[in-house]
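Heads up, the sequence shown stops at 476 in our numbering, and the numbers go up one at a time, no gaps.
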Amino acid sequence: MELRLFNTLTKEKEVFQPLDPARGVRMYVCGPTVYDFAHIGNARPVIVFDVLYRLLRHLYPGAGHVKYVRNITDVDDKINARAAQEYPDLPLNEAIRLVTEKTEKQFHEDVDALGCLRPDVEPRATEHIKEMRDLIERLVKAGFAYVEQEHVLFEVGRMSDYGKLARRSLDEMEAGARVEVAPYKRNPMDFVLWKPSKPNEPGWPSPSGIKTPGRPGWHIECSAMSWKHLGETFDIHGGGIDLVFPHHENEIAQSRCAFHSPMMAKTWMHNGFLQVEGEKMSKSLGNFITIRQLYAQEFFGGKKWSPESVRLAMLRTHYRQPLDWTARNLEEAEDSLEAWSRVAKKTKNSAGVPEGVLRSLSDDLNTPQAIAELHKLWRARDTEGLSGALALMGFDLSEGSTYKSLLKRTIESAFDEVEKRRIDERVAARNAARASKNFAESDRIRDELKAMGVVIKDNKDGTTTWEIAR
Ligand SMILES: [Zn+2]
7 MELRLFNTLT
17 KEKEVFQPLD
27 PARGVRMYVC
37 GPTVYDFAHI
47 GNARPVIVFD
57 VLYRLLRHLY
67 PGAGHVKYVR
77 NITDVDDKIN
87 ARAAQEYPDL
97 PLNEAIRLVT
107 EKTEKQFHED
117 VDALGCLRPD
127 VEPRATEHIK
137 EMRDLIERLV
147 KAGFAYVEQE
157 HVLFEVGRMS
167 DYGKLARRSL
177 DEMEAGARVE
187 VAPYKRNPMD
197 FVLWKPSKPN
207 EPGWPSPSGI
217 KTPGRPGWHI
227 ECSAMSWKHL
237 GETFDIHGGG
247 IDLVFPHHEN
257 EIAQSRCAFH
267 SPMMAKTWMH
277 NGFLQVEGEK
287 MSKSLGNFIT
297 IRQLYAQEFF
307 GGKKWSPESV
317 RLAMLRTHYR
327 QPLDWTARNL
337 EEAEDSLEAW
347 SRVAKKTKNS
357 AGVPEGVLRS
367 LSDDLNTPQA
377 IAELHKLWRA
387 RDTEGLSGAL
397 ALMGFDLSEG
407 STYKSLLKRT
417 IESAFDEVEK
427 RRIDERVAAR
437 NAARASKNFA
447 ESDRIRDELK
457 AMGVVIKDNK
467 DGTTTWEIAR
């Protein structure tokens, strides 16, 4: 099966081939900054790239053939502020450790519940300061970065194709930059690789002869961690569309210039924005939703939602499209899961996943099309196919899953009205064939219904009824 992925760098859907088949498929996705509960906007890339990870593991089976790295940002101003606020009596370093450990645990609980596999490596920024310093020194030596007032800055004017990912020219970017430029910058677009730590803030020995302790800028950690765990160049780099500029543009600048290489990652993938009931999600609008509020509280739409329905609701929209998070979307996802769970059986084996599902996912992760295929399998009562496909897409509808405990409805109500009418029509057609003694046709229709899981019963009084096979 040919895998095609849309590449933000080329703005085209391209056939995917691992850069170095011997090293397997290498994927890096920007992970959470750990200072608070993850919100549903954070959940989108986690779920989208989990589906891609599962698909890649299916297409490139065998231990170690796919390596997925997602970082944990544990050095950030927001973390420092939260730590000082939550634990005012503790030394800041200790308070930071408590905040990041707690938040990392919450994040794992939430994304585990959403059915997301853990990446192969989850590197922490604070454990890769050495690699960051190494990169920064390479950049300074090669003339792409400079030291000024205890800061190290990347000089964007030294890179001829800076702005290629975001498709912006340096002139455009400069015109849009703030009027007030920090005094240590040669050019308003130059960005920080390293900066001095304020007293009391966490600090590390600085690179490039700077005497005072400092800390890394935001972008350098991803260049350092992807290098350490995946190499100088790798296959796929992912994240939300809001990361294209400046974060990913700057990652590319750092990595390519440090390694004098024509590319950092070959394929750049970005998921679209998420809004809530047609509005931008923000704390000030009061529509800010965490993953946990959806499944653990009656917070959104007046009820608790199963993590599986959250996952499905997320995948009903193609990952590159903007997603409108609505209670109706969740309701519909829940109905689908309920219907599928009547036909699917418990399996973690995606070996028997039907071609239609695989073809849809291989076409730039076309999850809406894959979900349409799941409905087809369900209508055909194809237990094997549906179970394999659900396993591949990361759904566990088995007994004991959170989802199953929320099931209330009967088998019959899982059939919608359209479906019932369709079956009634087929039963009437069979009866007509029987009446005209066309038994070949009446048997054919009976077998067709049987394949859909519908059993026909001819009653003594001459009527025909049907029911769903259990
Ligand atoms: Zn990143």
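Every residue, glycine too, gets a C-beta built ideally from N, C-alpha and C. Note that the structure is a prediction, hence the values are computed from the model and not measured.
Distance from the Cα of Phe160 is smallest, within the candidate group Asp402, Ile53, Lys382, Trp200, for Trp200. Judged by DSSP secondary structure, Leu199 falls within the beta strand (DSSP E) whose first and last residues are 197–202. In chain order, Val72 place their CB closer than 6 Å to the CB of Arg63, counting only its own chain and leaving out the 5 sequence neighbours on each side. With a cutoff of 7 Å, Glu257 counts as near ligand 1, since its C-beta is closer than that to a heavy atom of the ligand. Fewer than three pairs of CB atoms, one per stretch, sit closer than 8 Å, so the region 229–248 makes no contact with the region 165–181. For the set Gln327, Ser347, Gly245, Val461, the Cα lying nearest the Cα of His381 is the one of Ser347. The Cβ-Cβ distance between Pro125 and Val75 falls below 8 Å.
Inside the region 268–340, DSSP marks whole beta strand (DSSP E) runs of 3 or more residues at positions 271–277, 280–282, 329–331, from first to last along the chain. A check of alpha carbon separations from Val127 across Ala44, Ser175, Cys36, Lys17 identifies Cys36 as the nearest. In this structure, the beta-carbon distance from Arg365 to Met7 falls below 8 Å. Taking non-hydrogen atoms of ligand 1 into account, the C-beta of Gly245 is found less than 7 Å away from one of them. Per the C-alpha coordinates, the member of Pro202, Arg221, Thr469 positioned closest to His134 is Arg221.
Taken through DSSP and simplified to helix, strand or coil, Asn256 comes out as helix. Only residues of its own chain outside the window of five on either side were considered, and among them Leu336, Ala339, Glu340, Leu343, Tyr409 have a CB closer than 8 Å to the CB of Ser315, listed in chain order.
Proximity annotation: ligand 1 has residues Cys36, Cys228 in chain order, each selected because its CB is closer than 5 Å to a heavy atom of the ligand. Annotated three-state conformation of Tyr190 is coil, per DSSP. Sequence-distant Cβ neighbours of Gln281 in its own chain, meaning closer than 8 Å and more than five residues away, are Met287, Pro328, Leu329, Asp330, Trp331. For Phe294, the CB contacts under 7 Å within the same chain, skipping 5 residues up- and downstream, are His45, Met287, Ser288 in chain order. Ranked by how close their Cα comes to the Cα of His243, the residues Leu403, His235, Lys272 have Lys272 in first place. In the displayed model, Pro222 falls within a strand according to three-state DSSP.
DSSP places Val75 within a strand segment (E or B) once states are collapsed to three.
Judged by pairs of C-beta atoms under 8 Å, the region 87–97 does not touch the region 142–152, as fewer than three such pairs exist. Between the alpha carbons of His235 and Val81 lies a gap of roughly 19 Å. With 16 or more other CB atoms across the displayed protein chains lying within 10 angstroms of its CB, Pro213 is buried.
Secondary structure in the region 347–397: the alpha helix (DSSP H) runs of 4 residues or longer, each lying completely within the stretch, are 361–368, 373–385 in chain order. At the C-beta level, Arg326 and Phe55 stay beyond 8 Å of one another.
Per DSSP, the unbroken beta strand (DSSP E) holding Phe160 starts and ends at 157–160.
A straight line joining the alpha-carbon of Gly400 with that of Lys204 spans about 45 Å.
Gly459 carries a coil assignment under DSSP once its states are collapsed to helix, strand and coil. About 4 Å separates the beta carbons of Thr109 and Val40, which is inside the 8 Å limit, making them a contact pair. Per DSSP, reduced to three states, the secondary structure at Phe12 is strand. By DSSP's assignment, Phe240 forms a beta bridge with Ala271. Leaving aside the five residues that flank His324 on each side, the residues in its chain whose CB is nearer than 7 Å to its CB run, in chain order, Asn372, Thr373, Pro374.
Taking the Cα positions, Leu104 is about 14 Å away from Phe43. The beta carbons of Leu171 and Leu58 sit about 19 Å from each other, so the pair does not count as a contact at 8 Å.
Ser368 sits away from Ala397, with the two beta carbons spaced by 8 Å or more.
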